[in-house]
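Undergrad: Under the working numbering, the sequence shown has 164 at position 162, and the numbering climbs by one with no breaks.
Take this structure first; my questions come after.
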Amino acid sequence: MAILKLYTYPDKILRQKCEPVAAVTDEIRRLMDDMLETMYADKGVGLAAPQVGIAKRIIVVDDKVSEDGEPGPNPRFLVNPEIIRKSEDTIWFNEGCLSLPGQCAEVERHRAVTVRYLDYDGKEQTLDAEEYLAVILQHETDHLDGILYIDRLSRLKRNIIIKKLQKQSGE
Ligand code: ZN
C-alpha cells in the first residue's frame, strides 16, 4: 500500500464531477487500499477519490477511527455510492475536510441516509446510516459532484474559511 498525495483547496480536481467506475477491478481495489491508508495517515474519517487526484466515484469511510488515526474494525469501501433515501430531519455537525486543512464549521445535514453502492468485491449493497456515519457519507458523496462542505455554509462563513486557507497557503 502507498500513501497518496492529497489535493487541497483550491485545486480544480476538487470541483470536478467524477465518473462512475465501470467495474471493481484489482486496480480499483489497490486504489481503495491506498486511499484508506492515506486517510488513516491524515487521521481522517472519510476520503473521496478526487482528494487524491482521481475523478472517479469512489469513497472510503471509517466512522470508528480513533483520534490518533487507529483504524476501526469496519472500514468501508463504496464504489459509485448513491444516496437513495434521506431523512427529512436534519442535524448540525462540526465538519472538517482533509482538503481544507485546519478548518472546520457547523454544517446542516440529513440525520439519516440510505446509500446504494458497489462494495470491495463489486457486489451491490445498501447501507442505512444515521448521525455521524450519515454525515460522513453525505460529505464524501458531495466530493464526487465537486461539492465541498464550505458550499453549504452562508457566504459570510464560507469567505472567512477561504480567507484563512489563502493566508495559510501564502505563509
Ligand atoms: Zn472532505
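Here a beta-carbon is modelled for each residue, glycine too, at the ideal position from N, C-alpha and C.
Could you have a look at LYS14 and say whether DSSP puts it in helix, strand or coil?
TA: The residue labelled residue 14 in the question sits at position 12 within the sequence shown. Note: LYS14 maps to helix in three-state DSSP.
Undergrad: Go through the region 54 to 119 residue by residue and report every complete run of the beta strand (DSSP E) that reaches 3 residues or more, in order.
TA: Here the runs fully enclosed are 60 to 63, 78 to 88, 92 to 98, 106 to 112.
Undergrad: Less than 7 Å between C-beta atoms, sequence neighbours within five positions excluded: which residues of the same chain meet that for PRO73?
TA: Within the sequence shown, the letter at position 71 stands for residue 73. So the list reads TYR42, ASP64, VAL67, once near-sequence residues are dropped.
Undergrad: Note the first and the last residue of the continuous beta strand (DSSP E) segment covering ALA131.
TA: The residue you call residue 131 lines up with position 129 of the sequence shown. 126 to 132 is the span of the beta strand (DSSP E), which, as asked, contains ALA131.
Undergrad: Say yes only if the C-beta of CYS99 is nearer than 7 Å to one or more non-hydrogen atoms of ligand 1, and no if none qualify.
TA: In the sequence shown, residue 99 corresponds to position 97, counting from 1. Checking every heavy atom of ligand 1 against the Cβ of CYS99, one is found closer than 7 Å.
Undergrad: State the beta-bridge partners of LEU49 as determined by DSSP.
TA: In the sequence shown, counting from the first residue as 1, residue 49 sits at position 47. LEU49 pairs with VAL62.
Undergrad: Can you tell me where the alpha helix (DSSP H) with ASP36 in it begins and where it stops?
TA: Numbered from 1 along the sequence shown, position 34 holds the residue referred to as residue 36. It spans 28 to 43 - the alpha helix (DSSP H) in which ASP36 sits, taken as one unbroken run.
Undergrad: Return yes when the C-beta of HIS112 is under 7 Å from any heavy atom of ligand 1, and no when it is not.
TA: For the purposes of this step, residue 112 is taken as residue 110 along the sequence shown, with counting starting at 1. Checking the Cβ of HIS112 against ligand 1 gives no.
Undergrad: Identify which residue in GLN127, PRO52, THR92, TYR9 has its Cα closest to the Cα of ILE86.
TA: Here residue 86 refers to the residue found at position 84 when the sequence shown is read from its first residue. When each option's Cα is compared against that of ILE86, the closest is GLN127.
Undergrad: Figure out for me which residue from THR143, LEU80, GLU69 has the closest Cα to the Cα of ARG17.
TA: Mapped onto the sequence shown, residue 17 falls at position 15. Residue THR143 is the option with its Cα nearest to ARG17.
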